[in-house]
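Residue numbers (my numbering): 215 to 577.
Next up, the structure:
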């Protein structure tokens with residue numbers, strides 16, 4: 215009976231997670247779920263979906279009184295395994311939370327000293343990460359360095375990093391990058407560059423988590439500039455209409471998405487990360503052949519050919535870092551051809567549905 219319950223919970227988690235939450239021979243995923251949910255919590259969690267539902271509706275669905283349901287769901291929320299939203303009147307709604315991005319980061323921030331839990335989390339991640347790239351739509355989306363955008367272009371709101379942060383819901387928290395912090399041979403890029411907004415940030419405040427600190431919009435914009443100066447790539451969850459929840463500033467050597475994509479798919483299109491609406495363009499007449507743009511490229515999209523920088527177009531995610539590193543302005547960002555511009559999902563639900571549909575087609 216218990217295993218049947220947790221198999222249902224695994225399927226529930228799989229349907230909530232863009233990258234998936236697969237059944238494996240070793241059943242590590244079931245072991246992790248049993249570690250996180252007792253049977254009562256597991257049965258109640260199965261009533262949640264990716265769409266927010268009010269406390270009253272959930273209580274009615276599962277046939278329990280509101281106070282009992284609220285106690286269990288609030289406990290799961292504070293454990294970092296489901297999502298909670300409170301409106302202006304304090305009315306609570308609840309929804310599923312993806313394993314990644316979402317639960318994995320929460321557990322590492324909140325319970326990073328629990329060695330058994332951390333081991334299970336990373337094993338489940340390793341079991342899922344390679345198949346998760348077997349889709350067209352990335353879980354994250356690249357947004358270019360703001361000042362590298364062509365002045366004549368009409369920039370969609372979801373391509374302007376500064377405007378996105380200015381309009382993001384409060385509170386805003388900044389955290390040390392967990393990918394970079396935990397890597398033994400990490401690079402020299404700054405650590406305090408991960409931003410959380412709105413419900414995601416409020417969760418950490420509600421738990422009393424001290425890993426992050428509260429900041430205002432002005433400091434958030436300054437952190438963006440620091441990340442850009444360090445050569446990092448702005449990565450957002452890949453939807454355009456739901457409230458902004460987090461922003462990561464990533465490198466190819468430490469960060470989960472970029473490093474895994476470069477490792478598993480070193481040639482051809484980058485997987486797991488959608489490009490921006492822009493692509494680099496090299497002016498071969500002005501390029502001085504210094505090679506200063508090669509190493510800063512986080513997807514290895516540039517190489518030297520006949521002493522001139524050459525772009526591997528399928529590898530370029532349009533982050534703009536090569537533009538910032540060219541001393542003679544021989545590289546610019548230009549808008550991609552219309553049929554090559556990614557059309558991001560509108561919201562979390564569309565992202566999940568699109569990736570699951572693409573994975574079924576490719577499997």
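Ideal placement from N, C-alpha and C gives every residue a C-beta, glycine not left out. For clarity, every value in this text was computed on a predicted model and none was experimentally measured.
Comparing C-alpha distances from residue 480 to each of 256, 515 and 550 shows the shortest one belongs to 515.
Take the alpha-carbon of residue 338 and the one of residue 233: they are about 11 Å apart. Cα atoms of residue 266 and residue 295: separation of roughly 14 Å, rounded to the nearest angstrom. Here residue 459 carries a coil assignment [DSSP, helix/strand/coil]. Counting only runs that start and end inside the segment 472 to 518, the beta strand (DSSP E) elements of at least 3 residues fall at 492 to 496. For residue 418, no beta strand (DSSP E) encloses it; the enclosing alpha helix (DSSP H) starts and ends at 412 to 421. For residue 274, the enclosing alpha helix (DSSP H) begins and ends at 269 to 276. By the Cβ neighbour-count rule, residue 413 is buried, with 16 or more other Cβ atoms within 10 Å of its own. Annotated as distal: residue 488 and residue 463, with beta-carbon spacing of 8 Å or more. With contacts defined as CB atoms closer than 8 Å, residue 569 and residue 491 fail to qualify as a contacting pair. Distance from the CA of residue 399 to the CA of residue 249, rounded to the nearest whole angstrom, comes to 30 Å.
In the structure shown, residue 402 falls within a coil segment according to DSSP collapsed to helix, strand and coil. Collapsing the DSSP output to three states places residue 449 in a strand.
In the three-state scheme derived from DSSP, where H, G and I count as helix and E and B as strand, residue 555 is classed as coil. In this structure, the CA atom of residue 404 is about 43 Å from the CA atom of residue 272. Look at the segment 270 to 317 and you find these whole runs of alpha helix (DSSP H), each 4 residues long or longer: 280 to 292. Between residue 407 and residue 386, the C-beta gap is not smaller than 8 Å, which leaves the two residues out of contact. Beta-bridge partners of residue 547 (DSSP): 494.
Annotation for residue 358: no beta strand (DSSP E) segment contains it, and DSSP assigns it neither H nor E.
C-alpha of residue 289 to C-alpha of residue 363: approximately 45 Å in a straight line.
Taking a cut-off of 8 Å for Cβ pairs, the segment 241 to 261 and the segment 219 to 228 touch, as three or more such pairs fall below it. Residue 390 sits in a strand when the DSSP states are folded into three classes.
Inclusion of residue 486 and residue 528 in the CB contact set at 8 Å is not warranted, their separation being larger than that value. Proximity to residue 496 across 428, 300, 287 and 540 peaks at 540, based on C-alpha coordinates.
Taking all protein chains in view, the Cβ of residue 297 is crowded by 16 or more other Cβ atoms within 10 Å, so the residue is classified as buried.
For residue 280, the closest of 292, 307 and 256 by C-alpha to C-alpha distance is 307. Each residue's CA atom was taken as its position, placing residue 562 and residue 262 some 15 Å apart. The C-alpha of residue 237 lies about 44 Å from the C-alpha of residue 518. Separation of residue 316 and residue 536 (C-alpha to C-alpha, rounded to the nearest whole angstrom) is 30 Å. Partner residues in the beta bridge of residue 429, as assigned by DSSP, are 386.
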